[in-house]
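Visitor: Sharing a structure below in structure tokens format, with a few things to ask.
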Amino acid sequence: MNQYKSEFLKVLQERGFIHQMSNAEALDALCAKETVTAYIGFDCTASSLHVGSLVQIMMLYWFQQCGHRPITLMGSGTTRVGDPTGKDESRKVLTDEIIEANKNGIKQVFEKFLTYGDGPQDAMMLDNADWLLKLNYMEFLRDVGRYFSVNQMIQRDSVRLRLEREQHLSFLEFNYMLLQGYDYLEIHRQTGCRLQMGGSDQWSNILSGVDLGRRLADEELFALTTPLLTTASGAKMGKTAAGAVWLNPDMLSPYDYWQFWRNTEDADVERFLKLFTILPMEEIARLAALEGAGINEAKKVLATEATAMLHGREAAEAAAETARKAFEEGASAAGLPTVMIARSELEAGIGVLGLYVTAGLCASNGETRRNIKGGAVKVNDKAVTDHSATISFENVAEDGTIKLSLGKKKHVLIKPV
RNA sequence: GGAGGAGUGCCCGAGUGGCUAAAGGGGGCGGACUGUAAAUCCGCUGGCUAUGCCUACGUUGGUUCGAAUCCAACCUCCUCCA
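So that you can map any letter, position 165 of the first sequence is 165 in the numbering used here, and since no number is skipped, the others follow by simple counting.
Structure follows, in structure tokens:
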């Protein structure tokens with residue numbers, strides 16, 4: 001194991017953030033010596049980031065904690081072009097308005113992890129639209145394109161694999177590394193940034209910027225990537241029943257976010273504690289040593305700590321308490337996701353089928369029907385067997401809500417208003 | 001520009017005139033077992049005002065009693081040649 005001198009790389013190393021690095025010794029020396037500026041780029045393809053980006057965000061968090069200056073780059077310029085990676089699906093073109101809205105949605109998350117401001121260690125936010133949209137093709141080719149060797153570009157994994165498999169690679173995609181490389185150069189010029197980080201799939205794109213820095217700015221820039229995150233059983237991180245695990249609370253409630261972490265596979269607990277919580281390493285070692293059912297203890301800590309990072313301590317504790325009541329006492333706990341419903345509708349009586357759809361537990365009446373057949377539907381903890389059953393005021397429990405369950409884990413409260 | 005090939009449900013992939021809401025697998029959901037885990041086993045996996053109706057095999061038309069399957073045009077993608 002390498003022994004790093006800088007606090008930042010030490011932390012990254014022991015927590016498992018590092019996949020690849022360019023010139024580790026020099027980067028280590030730089031981080032140990034002075035306040036370094038680093039950036040990570042994020043695309044604006046959705047109105048919220050999801051857990052897939054969390055490793056990157058945590059890395060920026062540690063970067064700042066270690067006394068450096070992080071930059072979050074919003075890729076609204078590159079998003080406008082549209083990332084052509086998907087091979088047979090022509091991505092829908094996002095309008096400027098949507099991109100702008102997405103950008104604003106994504107921004108909120110960074111503020112939970114980073115401190116922005118004008119101080120030397122305060123985080124900055126940039127947007128590559130500010131320079132990319134102004135690019136002139138001829139100038140760009142002449143000033144930047146000349147330094148890119150096609151011979152080298154086709155050696156890069158991202159390109160080579162596509163060529164070897166005889167898969168289509170459009171010129172637009174081929175240019176992507178030029179744009180991202182140019183971003184790095186531009187950011188370096190504007191801020192003195194010396195390090196770009198990202199997921200392992202970004203490695204070659206980052207290196208393009210490193211090359212450009214050496215050629216055009218006569219400066220050594222650095223690259224650092226994180227491992228691609230999958231669960232121990234090989235699935236991609238970030239998908240649940242309801243879809244992606246979003247970071248914005250209006251897209252995924254803190255309770256559901258807590259549940260996501262609570263359901264971590266045994267084999268992933270230690271790795272996730274290191275990556276997604278800021279607990280001291282000794283504490284993580286203690287939790288990781290738990291065995292059998294004791295691992296549940298570690299999972300609860302993971303869930304609460306990870307949720308606290310994103311949604312705040314209070315929301316995390318509340319989610320933990322709600323879960324405790326719902327799962328360990330079997331009680332209908334206030335704090336479960338709640339759906340409001342008009343009093344008048346309830347007075348008239350609502351069919352179970354539709355109610356489950358309204359509550360967001362099922363996608364269609366047919367799906368509810370199937371779930372009833374499978375014995376998964378419970379209202380106020382009583383199994384429903386008749387799909388023509390209607391729910392009305394009689395079903396409102398003492399606490400003023402109706403508890404709908406789907407399976408053992410998913411519960412929603414219906415509240416008349 | 002020329003020749004050839006391909007487009008099927010969330011994904012992969014079978015299907016070449018009725019038995020096809022479409023094999024099989026993956027994924028997902030539910031159940032059993034457990035520890036709100038993994039692995040394993042079982043069931044489900046288009047919609048609806050539901051013994052019926054509607055939508056669906058790239059798009060639009062056509063042939064036929066009947067089309068994912070045949071024909072035409074178009075769109076998109078791939079391969080090879082120039």
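Just so it is clear, CB atoms sit at the ideal spot from N, CA and C, and this is done for glycine as well.
Computed from a predicted model, the values in this text were never measured in an experiment.
For the stretch 351–403, which segments carrying the alpha helix (DSSP H) assignment without a break, of at least 4 residues, lie completely within its bounds, in sequence order?
Guide: DSSP runs (the alpha helix (DSSP H)) wholly in the stretch 351–403: 352–358 and 365–373.
Visitor: Leaving out five residues before and five after LEU49 in sequence, what residues of the same chain have Cβ atoms less than 7 Å from its Cβ?
Guide: By 1-based counting over the first sequence, the position of residue 49 is 49. Excluding residues within five positions, the ones whose Cβ falls inside 7 Å are PHE42, ILE106, VAL109 and LEU247.
Visitor: Looking only at its chain, what residues have a beta carbon closer than 8 Å to the beta carbon of ASN380, apart from the 5 residues adjacent to it on each side?
Guide: Working through the first sequence from its first residue, we reach residue 380 at position 380. So the qualifying residues of the chain are SER332, ASN395, ALA397, ILE402 and LYS403.
Visitor: Start and end of the alpha helix (DSSP H) containing THR307?
Guide: For the purposes of this step, residue 307 is identified with residue 307 of the first sequence, where counting begins at 1. THR307 -> alpha helix (DSSP H) spans 295–311.
Visitor: State the start and end residues of the unbroken beta strand (DSSP E) segment that holds MET38.
Guide: By one-based count along the first sequence, residue 38 stands at place 38. Residue identity differs from the one stated: residue 38 is Ala in this sequence, not Met. Counting along the chain, the beta strand (DSSP E) containing ALA38 begins and ends at 37–42.
Visitor: Thinking just about the alpha-carbon of each residue, which of CYS66, GLU328 and ALA217 is nearest to the one in THR37?
Guide: Mapped onto the first sequence, residue 37 falls at position 37. When each option's Cα is compared against that of THR37, the closest is CYS66.
Visitor: Counting only the same chain and skipping the five closest in sequence on each side, list residues whose C-beta sits under 8 Å from that of LYS274.
Guide: Against the first sequence, residue 274 aligns to sequence position 274. Around LYS274: GLU14, ARG15, GLY16, MET281 and ILE284.
Visitor: In chain order, what residues of the same chain have a beta carbon less than 7 Å from the beta carbon of TYR255, not counting five sequence neighbours either side?
Guide: On the first sequence, position 255 is the one that residue 255 refers to. Answer for TYR255: ALA319, THR322, GLY335, LEU336 and PRO337, listed in chain order.
Visitor: Does the pairing of the stretch 184–202 with the stretch 122–142 give three or more beta-carbon distances under 8 Å?
Guide: Verdict: yes, contact present.
Visitor: What are the boundary residues of the alpha helix (DSSP H) that ASP211 is part of?
Guide: Position 211 of the first sequence holds residue 211. 203–212 is the extent of the alpha helix (DSSP H) around ASP211.
Visitor: Within this structure, are the beta carbons of LEU406 and ASN371 separated by less than 8 Å?
Guide: To locate residue 406, count along the first sequence from 1; it is residue 406. To locate residue 371, count along the first sequence from 1; it is residue 371. Yes. Within cutoff.
Visitor: Is the separation between the beta-carbon of LEU124 and that of PHE276 shorter than 8 Å?
Guide: Taking the first sequence and counting its residues from 1, the one referred to as residue 124 is at position 124. Taking the first sequence and counting its residues from 1, the one referred to as residue 276 is at position 276. Just to set this straight, residue 124 is Met in the shown sequence, not Leu. No; because the gap between Cβ atoms is not below 8 Å, this pair is not in contact.
Visitor: Of all the options GLN180, GLN20 and LEU9, which has the alpha carbon lying nearest to the alpha carbon of GLY199?
Guide: As a position in the first sequence, residue 199 is number 199, starting the count at 1. It is GLN20.
Visitor: Label LEU353 either buried or exposed according to how many other C-beta atoms from any shown protein chain fall within 10 Å of its C-beta, with 16 as the threshold for buried.
Guide: Within the first sequence, residue 353 is the residue found at index 353, counting from 1. So LEU353 counts as buried.
Visitor: Let's see if you can read the secondary structure: which residues bound the alpha helix (DSSP H) around VAL150?
Guide: On the first sequence, residue 150 is found 150 positions in, with the first residue counted as 1. First-last of the alpha helix (DSSP H) with VAL150: 150–153.
Visitor: Tell me which residue opens and which closes the alpha helix (DSSP H) that GLN3 is part of.
Guide: Numbered from 1 along the first sequence, position 3 holds the residue referred to as residue 3. Element bounds for GLN3: n/a, residue is neither H nor E.
Visitor: Between the C-alpha atoms of LEU27 and TRP261, what's the straight-line distance to the nearest angstrom?
Guide: Here residue 27 is taken as the residue at index 27 of the first sequence, counted from 1. Here residue 261 is taken as the residue at index 261 of the first sequence, counted from 1. The straight-line gap from Cα to Cα measures roughly 33 Å.
Visitor: Could you tell me the alpha carbon to alpha carbon distance between GLU329 and TYR257, rounded to whole angstroms?
Guide: Within the first sequence, numbered from 1, the residue matching residue 329 stands at position 329. Within the first sequence, numbered from 1, the residue matching residue 257 stands at position 257. The alpha-carbon atoms of GLU329 and TYR257 are separated by roughly 21 Å.
Visitor: In the structure shown, what three-state DSSP assignment does LEU178 receive?
Guide: Here the question's residue 178 lines up with position 178 in the first sequence. Note: LEU178 maps to helix in three-state DSSP.
Visitor: Determine the direct distance from the alpha carbon of ILE206 to that of GLN121, and round the result to whole angstroms.
Guide: For this step, residue 121 is matched to residue 121 along the first sequence. For this step, residue 206 is matched to residue 206 along the first sequence. Those two C-alpha atoms are separated by around 23 Å.
Visitor: When the Cα of ASP201 is compared with those of GLN190, CYS193 and ALA223, which residue comes out closest?
Guide: By one-based count along the first sequence, residue 201 stands at place 201. It is ALA223.
Visitor: So for THR45, helix, strand or coil by DSSP?
Guide: The residue labelled residue 45 in the question sits at position 45 within the first sequence. In the structure shown, THR45 sits in coil (DSSP, three-state: anything other than H, G, I, E or B).
Visitor: Quick one, which of ARG286, SER364, ASN296 and SER22 has its alpha-carbon nearest ASN263's?
Guide: Along the first sequence, read from residue 1 onward, the residue named residue 263 stands at position 263. Looking at the Cα atoms, ASN296 is the closest of the given residues.
Visitor: Buried or exposed for TYR137, please, with buried defined as at least 16 other CB atoms from any protein chain shown within 10 angstroms of its CB.
Guide: As a first step, residue 137 must be located in the first sequence, where it is residue number 137. Exposed is the call here.
Visitor: My output table needs one value for MET251: the three-state DSSP class, helix, strand or coil.
Guide: Counting from 1 along the first sequence, the entry for residue 251 is found at position 251. Here MET251 sits in coil by DSSP.
Visitor: Unbroken alpha helix (DSSP H) runs of length 4 or more, entirely within the stretch 113–139: which are they?
Guide: Listed in chain order, the complete alpha helix (DSSP H) runs (minimum 4 residues) inside the stretch 113–139 are 129–132.
Visitor: Can you say whether VAL417 is buried or exposed, counting buried as having 16 or more other CB atoms within 10 angstroms of its CB?
Guide: In the first sequence, counting from the first residue as 1, residue 417 sits at position 417. Exposed, because fewer than 16 other Cβ atoms sit within 10 Å of the Cβ of VAL417.
Visitor: Can you give the Cα-Cα distance for VAL144 and ALA288, rounded to whole angstroms?
Guide: Here residue 144 is taken as the residue at index 144 of the first sequence, counted from 1. Here residue 288 is taken as the residue at index 288 of the first sequence, counted from 1. Roughly 49 Å separates the two Cα atoms.
Visitor: Give the straight-line distance between the Cα atoms of TRP62 and TYR182, rounded to the nearest whole angstrom.
Guide: Taking the first residue of the first sequence as position 1, residue 62 is located at position 62. Taking the first residue of the first sequence as position 1, residue 182 is located at position 182. Cα to Cα, the separation comes out at about 26 Å.
Visitor: Among GLN64, GLU25 and ASN104, which has the Cα closest to the Cα of GLU435?
Guide: Residue 435 falls outside the range modelled here, since the chain spans only 1 to 417, and no answer is possible.
Visitor: Within 10 angstroms of the Cβ of GLU265, are there 16 or more other Cβ atoms? Answer buried if so, exposed if not.
Guide: Counting from 1 along the first sequence, the entry for residue 265 is found at position 265. Exposed, by the Cβ-count rule.
Visitor: Within 10 Å of its beta-carbon, does ARG214 have 16 or more other beta-carbons around it, so buried, or fewer, so exposed?
Guide: Taking the first sequence and counting its residues from 1, the one referred to as residue 214 is at position 214. Exposed, because fewer than 16 other Cβ atoms sit within 10 Å of the Cβ of ARG214.
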